[in-house]
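Trainee:
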Amino acid sequence: MDLQTKLRQEARKLLEEKLVDVVIGYEDEGAPLRTTPCFITDPQDVDRLVWNPFCDHNLARYLTARKDKAAVVAKGCDTRAIVVLINENQIERKNVNILGMPCGGIVDRKKIYNHLKNGDVREAVLKDKVITVKGLEFTADLMVDDFLADCCLSCRHRNPVLCDVQIGENLPPLDVKDEYKKIKQLEESTSEERWEYFRKTLSKCIRCYACREACPLCYCQQCFTDQNFPAWVGKTTDISDTIVFHIMRAFHTTGRCVDCGACERSCPNNVDIRMLTKKIAKDVKELFGDEAGLQLEEKAPLSFYNEDDPQDFIK
Amino acid sequence: MKNAASKYWRIPLDADRVKTPKGKIHILKERCKGCGFCIEYCPRDVLEFSDEFNEKAYHPPRVKDEKLCLCCHLCELVCPEYAIWSTEEKDEELHHP
Amino acid sequence: MRTTPRILSSEKIMKTIKKDKINTVLDFLIKKYQVFGPVQKDDLVVDFGRIQNGAQACLEFSNTNEPAKKLFFPQAETLFSYTGSDAAQVSELKPEKPRIIFGMRPCDAKSLSLLDAVFDGPDYKDPYYIVKRKNTTIFTLACRRPRSNCFCDSLGIGPFSKKDTDVFMADLGDRYVFEPITPGGADILNKIPGLENARPTDAERLKNLRSEAESKVARKVDLDNLPEKLARIFDHPFWDGIHQKCLGCGICTYLCPTCHCFDIVDEQKDDKGRRIRIWDSCSYPTFTLEASGHNPRATGKERMRQRLMHKFRYFVENYGEIACVGCGRCINHCPVGSDLIREIENINNLK
Amino acid sequence: MAPRIGVYVCHCGGNISEVVDIQKVMESLEGPVDVVQIKDHEHICSEVGQKLILNDIKENKLDRVVIAACSPQFQGITFMKTMEHAGLSPYVLEMANIREQCSWPHYDYPQEATKKAIDLTKMSLAKARLDIPLEKKVIPIGKRVLIIGGGIAGIQAALDLGDAGFQVYLVEKDPSIGGKMAQLSKTFPTEDCAACILSPKMADVPNNPNIKLMTSTEVKDISGYIGNYQVTVTRKALYVDPDKCTCCDKCVEACPVTVPNEYDEGLTTRKAIYLPSPIAVPHSYILDDKTCLGLFPLACSKCKEVCEPNAIDYDVYPTEEKFTVDTIIVATGFDIYDARQKRVYGLGKYENVFNALEMERMLAYAGEGKPLKDIGNRIAFIQCVGSRDEQVEHEYCSRVCCMYATKLACLLNRERPGKEIYIFYTDLRAYGKGFEEYYKRAQSEGIKYIRGRVAEILEDPKTKKLTLRAEDTLSRKIIESEFNTVVLSVGLIPNEGTRHVAGLLGLSRSQDGFLKEAHLKFRPVDTLIEGVFLAGTVQGPKDIPDSVAQAGAASSRAISLMNKGVYEAEPITAQIDESICIGCGMCADVCAYKAIEITVVDAHTGKKTAVVNEFLCKGCGTCAATCRSGAADVIGVSDHQISKMIEVM
């Protein structure tokens, strides 16, 4: 039985037995190369649920605002986000039923558009690992694995770290090479080059806050950008304001970011948001040996004191 | 020395002057039904199962290191078959605990 | 509201130039005008930018990522600056060097006429907008390759619409043709050196290309009864479900050519400061948050309803037109794949 | 209504005015309508200066005061009192430090210093505008005190407080009080017998009606705050009723189990049932259930069989006790450095290498005429083992080793004449009263002090004699010599109990791991936790007189707090904006004072927010810095005030 069928079965069971009020999953509304989140409350609707490499949203994002009991379809990275949310008191473990999906990586649409020289994809059919895309003037067969999102290429937690039901067998760990290749390049460049890089990529930002809203961990009731007493950051798209927004957001994810890539995928203007968050995640891992969202009741690395902490900077 | 936490590594300097009872263990192998209580409960870990079989085809206990026995009689108390007991050696032999 | 002046038919002569000479046209215009046109920002993003020489323009594009509204109603615009604590010193608005926007799509051109209704209406005149609008001549470029989510047809615009522009342009394959629509447009067109008169067959060719382009607009939506329908379903349970997946980000509103809500903030340091107008979005909770902490649009439900109601009902009630031009940007860029057309269809299907 | 601010710029008798152009500073402040007056003064802290402020507040109806002068650490309290005299809240006073942070360090750059003074004063002005007239919070405080640790410091503090009529709970984890001092042979520099001077004090403790002595007891949990500390202790089962026990020693004879005797550092043995030490208080046998052959099930019961007064009861269990105290004195003491980590010295490998505490015990036995072992004639002491040693990350000096080595050497020398005793030292520190004289006397008695670190020690496997190799750094000669016994002068380190208590109370520790005092010079026995004091070596290595002195200081600090009957808490504390707080708990995690809890504030919506205990909160601002959404802030030093201060720079 394929995973999608299993998923639907499990969802039907949960709804029929009234174990959950809603199943949050993905459905296909016909748009090529993408799925859309869906909220299923009626067992008869479970066949809307799909599971494919276009299921790119981090649905943990929808859990924080809910008061009811929800089942959520979650990939490895999504389960890590859920773990962080539980650790940060944002969801109660008993209120969430995790349908864990071992995930071989999701497709980055933008990579396909790029490959097709910004070709307008009007139809896409997935069969096994081949996507047949059609536009007005072209047809092409593309391999899923050639268009995986960057965060999936360096994924170390493809299987759920926490779940109530796991749909399908564990996947073997990915042979990750050069996880920090881009980061290292940036680290090795001069400060002028780095500044120019950040200026260039962040100047594309239009402050629509899609990155913030797509991030499961940006759950603050009022974001620092929205505060005006004191006003932490200007509201314009001046590069100084935009940089403050992105750097502060990255700081706020320190030791928490699970590198699901939702921020970067949601950006309408292709800002390299992960460059900041991934760099911080790298630092946290190197300094504190910590990766976010792997264990319940784990404290964030910057929230407790450990005698073994590297403390040269204090001396 | 039991529970000699790593803090104290030295054989105590008065060890040769300390007297502790020395037990002798007697086992009636044929009575034994191999329940292992004596082995399990011995606080000094003196006993172990032997490889041999008795008439009933059980492995009776045997003494690992008789010097460890302090003659507390617990093996006697727990043996359901009255197959084991200890007596205190009266020769006042000194030994290191 | 602006009314389009007519031009005499004798002036309405189509001009043409070979594709490889188009840069000379731009280079000529750049000498006299500030020219804005589509510029490649990165592999996927084409946007309007100031062009310093003709080679920078990127005319082979489907549509710009961001709409043309930002050239008239910038995302952040200083309204005035002040110093001292007594009275604000407002500097006078002076028109800059005349501007040409070269290569705007007809959908974006249409959006300007909708924005005119808001910023240059009988009751309210926004000087910041008007000064830019009056100072600008628009060259639209017909859209030969509508994208999969375009539905301009349904709004009565179409990829070859000649409305709301000064000069209409189209790509004939090896040449561009120019058609003056307004006297101002004709005036500029006449001054451009190197343009030839269009060939007699060009009008026919244009017509064929037009129907070809129109046939490629794949998506359609029935908007006929939408305003009345919306008026009846304000309290419909439909809204409880529709907003669930919406993240509440501002992409759809920021990328919408017609969305025009803004916030005004002061930036001050010591006794120097400025008052800025910035884009705002009805998707944000802070949009209606009151100082008391009360929020009349407390959840995503009210906010999403507001967005649809405003575009398809309130705007119609106020200005007689739907505030949508069918550019499809909100659908293309929605991070969770919300589809405006599908939403409208769902509303149409409601009992 | 706009505030009415008065600004005073102090010359500090030239300390400031010689560098900073006071006139320019004053001119720079002119303009804003809320600055009602700007004055300068030669010495604003003088009585005349204070009167000037008082007068201005009354006449000009000032409601904010900005003083540009010295550090608030220095004169802040003075001016806060002035404010109170004038009937204003002391928290509407702002001080701009234009002396320590301006005129002094920038002495050679008067122009720049003036600019900086202007900035600093403007910043204080910006902050003052947003100041809130806070009031101190008052907590009632009783007369109960918990003392953790029954060593000499804990005993001294308990006796001082008990004698003064305070209710003392003295908690000791070991079966007897007395601590490390009870193990010593004699004390330097007077060579008093340690047991002789300590045991009367130990005996006084149970006799004092105000002291509740709890031995074999560990502190499990402490919560609350000054005036209201909730203490939970765990009392171990002792199995012997001290009231019935006659100390006849028959149980010891009967007990078959021998284990190393902690009191003698494992040099001798004890039984599983034993008297902790000859001078133990409470003086009663106890049964060590960890080494007993077994109580569950009962394995042996030989001791109970021979106990005539029937004092032994196996059916007892550990108990928990809870009580409330107003203040706490931490006197958890030290451990000695485990010299086995310095492998070159061979402790744990060579039987004739001892650490100093072992030697104390050897000498105690020798003094009683019951020597444990022949020490031999050639004895070497190696100093600074585990002290002043960056390799083992103990950079500090343990302060007592020089003198205790001298003492041990003198005692050994006198025990049997004809000994040759060498002390290998790095630097000799004889800083205390009578120390230098003692050192001189030791030299005159023939103790040889060699300046040099010992490189290694080798043992002759047959004779067990030790060959020691060292460089005499004064004569530049390599010494290689044979000794019968080597004594390692081990340093003092913080112990496990200190770590535990520090964790319970949220006390901070210095780099060396000992507990940190509130201020090294001016508040040496206070901690940053209100109502918690330090006594003895828990704060750092020290000798007996210093420990006793510090215990006295700690108890008098506790007394001065408790005698008032009320405690005034600083009003500068964290506050949480509940409308923004989302209850993520990061602030609670980082709070060193455990002052924040995450609580459900709306049962209907399940909304959780952080709640600050304003008595525990010290206003350090860590929570505010950590809070992502800006819900945590500090009253009196708000984010808004700080951003305004930055703005005017």
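Each protein sequence line maps, in turn, to chains A, B, C and D. So in our numbering, spot 86 of the first sequence is number 86, and the numbers just go up one at a time. When you read off a place in the second sequence, starting at 1, and then add 315, the result is the number in our numbering. When you read off a place in the third sequence, starting at 1, and then add 412, the result is the number in our numbering. When you read off a place in the fourth sequence, starting at 1, and then add 763, the result is the number in our numbering. Quick reminder that beta carbons are idealized off the backbone N, C-alpha and C, glycines included.
1) Are three or more beta carbon pairs between the segment 657 to 669 of chain C and the segment 713 to 733 of chain C nearer than 8 Å?
2) Below 7 Å on C-beta distance, what does Asp455/C contact in chain A?
3) Give the secondary structure of Trp707/D by DSSP, where H, G and I count as helix, E and B as strand, and everything else as coil.
4) In this structure, how does DSSP classify Phe39/A when only helix, strand and coil are distinguished?
5) Measuring only the C-alpha atoms, how far is Phe724/C from Ala735/C?
6) Entirely within the segment 1134 to 1212 of chain D and at least 4 residues each: give me those alpha helix (DSSP H) ranges in chain order.
7) So which residues of chain D does His252/A contact, with C-beta pairs closer than 7 Å?
8) Looking only at C-alpha atoms, which of Leu701/C, Cys742/C, Lys684/C sits nearest to Asp675/C?
9) Scan the segment 836 to 869 of chain D for residues whose Cβ lies nearer than 9 Å to a Cβ of chain A and list them as they occur along the chain.
10) Within the continuous alpha helix (DSSP H) that includes Met1408/D, where are the two ends?
11) If the criterion is Cβ atoms closer than 7 Å, does the pair Glu1222/D and Leu1229/D meet it?
12) Counting only the same chain and skipping the five closest in sequence on each side, list residues whose C-beta sits under 7 Å from that of Gly1393/D.
13) Are there 16 or more other CB atoms within 10 angstroms of the CB of Leu922/D, so buried, or fewer, so exposed?
14) I need the straight-line Cα distance from Arg80/A to Asp145/A, nearest angstrom please.
15) In the segment 903 to 981 of chain D, which residue ranges form an unbroken alpha helix (DSSP H) of at least 4 residues, counting only runs that do not cross its ends?
16) Which residues of the segment 62 to 78 of chain A have a Cβ closer than 9 Å to any Cβ of chain D? Give them in chain order.
17) Does the beta-carbon of Cys384/B have 16 or more other beta-carbons within 10 angstroms, so that it is buried, or is it exposed?
18) Residues of chain D with a CB under 9 Å from the CB of Cys220/A: which are they?
19) For a quick check, are the C-beta atoms of Gly1269/D and Ala1355/D less than 7 Å apart?
20) For Pro835/D, collect the residues of the same chain with a Cβ closer than 6 Å to its Cβ; drop the 5 residues on either side in sequence, then sort them by chain order.
21) Give a yes or no on whether 7 Å exceeds the smallest Cβ distance from Thr1009/D to chain B.
22) Quick one: grab the DSSP three-state call for Pro592/C.
23) Would you report the Cα separation of Lys1240/D and Tyr1188/D, rounded to the nearest angstrom?
24) If you draw a straight line from the C-alpha of Phe224/A to the C-alpha of Ile1339/D, how long is it?
25) Quick one, which of Ile106/A, Thr139/A, Gly293/A has its alpha-carbon nearest Lys129/A's?
26) In whole angstroms, what separates the C-alpha of Leu584/C from that of Phe572/C?
27) Check Gln166/A in the structure and name its three-state DSSP category.
28) Take Phe473/C as the anchor and find which of Gly119/A, Thr35/A, His57/A, Cys215/A has the nearest alpha-carbon.
29) Is Phe352/B near Val393/B, with beta carbons less than 7 Å apart?
30) Should Ser1207/D go down as buried or exposed, given a rule of 16 or more other Cβ atoms within 10 Å for buried?
31) Of the residues Leu1126/D, Ile1075/D, Gly912/D, which one's Cα is nearest the Cα of Lys975/D?
32) Counting only beta-carbon atoms, is Gly738/C nearer than 7 Å to chain A?
33) Using the beta-carbon count (16 or more within 10 Å), is Met581/C buried or exposed?
34) Report the neighbours of Gly234/A on chain C: residues whose CB is nearer than 7 Å to its CB, in chain order.
35) Report yes if the C-beta distance between Asp576/C and Ser623/C is below 7 Å; otherwise report no.
36) Specify, as a first and last residue, the run of the beta strand (DSSP E) that Arg377/B falls within.
Mentor: Here's the rundown:
1) yes
2) Here residue 455/C corresponds to residue number 43 of the third sequence, with the count starting at 1. In chain order: Asn114.
3) Only positions 764 to 1412 of chain D appear in this structure, which leaves residue 707/D out of reach.
4) Counting from one through the first sequence, the residue named residue 39/A turns up at place 39. DSSP places Phe39/A in strand when its eight states are reduced to three.
5) Residue numbering aside, residue 724/C sits at position 312 when the third sequence is read from its first letter. Residue numbering aside, residue 735/C sits at position 323 when the third sequence is read from its first letter. The straight-line gap from Cα to Cα measures roughly 6 Å.
6) 1164 to 1178, 1198 to 1207
7) Taking the first residue of the first sequence as position 1, residue 252/A is located at position 252. Correct list: Arg1391.
8) For this step, residue 675/C is matched to residue 263 along the third sequence. Out of Leu701/C, Cys742/C, Lys684/C, Leu701/C has the C-alpha closest to the C-alpha of Asp675/C.
9) none
10) To locate residue 1408/D, count along the fourth sequence from 1; it is residue 645. Note, Met1408/D: alpha helix (DSSP H), 1402 to 1410.
11) Here residue 1222/D refers to the residue found at position 459 when the fourth sequence is read from its first residue. Here residue 1229/D refers to the residue found at position 466 when the fourth sequence is read from its first residue. Yes, Cβ-Cβ distance for Glu1222/D and Leu1229/D is below 7 Å.
12) Translated into the one-based positions of the fourth sequence, residue 1393/D becomes position 630. The residues are Ile1343, Asp1402.
13) Mapped onto the fourth sequence, residue 922/D falls at position 159. Per the 10 Å Cβ criterion, buried.
14) Taking the first sequence and counting its residues from 1, the one referred to as residue 80/A is at position 80. Taking the first sequence and counting its residues from 1, the one referred to as residue 145/A is at position 145. Cα to Cα, Arg80/A sits roughly 23 Å from Asp145/A.
15) 915 to 926, 957 to 970
16) Thr64, Lys67
17) For the purposes of this step, residue 384/B is taken as residue 69 along the second sequence, with counting starting at 1. By the neighbour-count rule (16 or more Cβ atoms within 10 Å), Cys384/B is buried.
18) Along the first sequence, read from residue 1 onward, the residue named residue 220/A stands at position 220. In chain order: Ile1343, Ile1345, Cys1347, Arg1391, Ser1392, Gly1393, Ala1394.
19) For the purposes of this step, residue 1269/D is taken as the residue at position 506 of the fourth sequence. For the purposes of this step, residue 1355/D is taken as the residue at position 592 of the fourth sequence. Yes, these two residues count as a Cβ contact at 7 Å.
20) As a first step, residue 835/D is located in the fourth sequence; it is residue number 72 there, counting from the start. Result list for Pro835/D: Met858, in chain order.
21) If you number the fourth sequence from 1, residue 1009/D lands on position 246. No, Thr1009/D does not count as interfacial toward chain B.
22) Taking the first residue of the third sequence as 1, we reach residue 592/C at position 180. Strand.
23) Along the fourth sequence, read from residue 1 onward, the residue named residue 1240/D stands at position 477. Along the fourth sequence, read from residue 1 onward, the residue named residue 1188/D stands at position 425. Their backbone Cα atoms lie some 15 Å apart in a straight line.
24) Locating residue 224/A in the first sequence gives position 224, counting from the first residue. Locating residue 1339/D in the fourth sequence gives position 576, counting from the first residue. Cα to Cα, the separation comes out at about 15 Å.
25) Within the first sequence, numbered from 1, the residue matching residue 129/A stands at position 129. Ranking the options by Cα distance to Lys129/A, first place goes to Ile106/A.
26) On the third sequence, position 172 is the one that residue 584/C refers to. On the third sequence, position 160 is the one that residue 572/C refers to. Rounded to the nearest angstrom, the two C-alpha atoms are 12 Å apart.
27) The residue labelled residue 166/A in the question sits at position 166 within the first sequence. It is a strand residue.
28) Residue numbering aside, residue 473/C sits at position 61 when the third sequence is read from its first letter. Ranking the options by Cα distance to Phe473/C, first place goes to Gly119/A.
29) By one-based count along the second sequence, residue 352/B stands at place 37. By one-based count along the second sequence, residue 393/B stands at place 78. Yes, these two residues count as a Cβ contact at 7 Å.
30) Taking the first residue of the fourth sequence as 1, we reach residue 1207/D at position 444. Exposed, since its Cβ has fewer than 16 Cβ neighbours within 10 Å.
31) As a position in the fourth sequence, residue 975/D is number 212, starting the count at 1. Comparing Cα-Cα distances from Lys975/D to each of Leu1126/D, Ile1075/D, Gly912/D, the minimum goes to Gly912/D.
32) Here residue 738/C refers to the residue found at position 326 of the third sequence. With 7 Å as the cut-off, Gly738/C does not count as an interface residue toward chain A.
33) The residue given as residue 581/C occupies position 169 in the third sequence. So Met581/C ends up on the buried side.
34) Taking the first sequence and counting its residues from 1, the one referred to as residue 234/A is at position 234. Per Cβ cutoff of 7 Å: Glu679.
35) Here residue 576/C refers to the residue found at position 164 when the third sequence is read from its first residue. Here residue 623/C refers to the residue found at position 211 when the third sequence is read from its first residue. Cβ distance not < 7 Å, so Asp576/C and Ser623/C don't count as in contact.
36) Residue mapping note: residue 377/B aligns to position 62 of the second sequence, counting from 1. Looking at the DSSP string, the run of the beta strand (DSSP E) that includes Arg377/B is 376 to 378.
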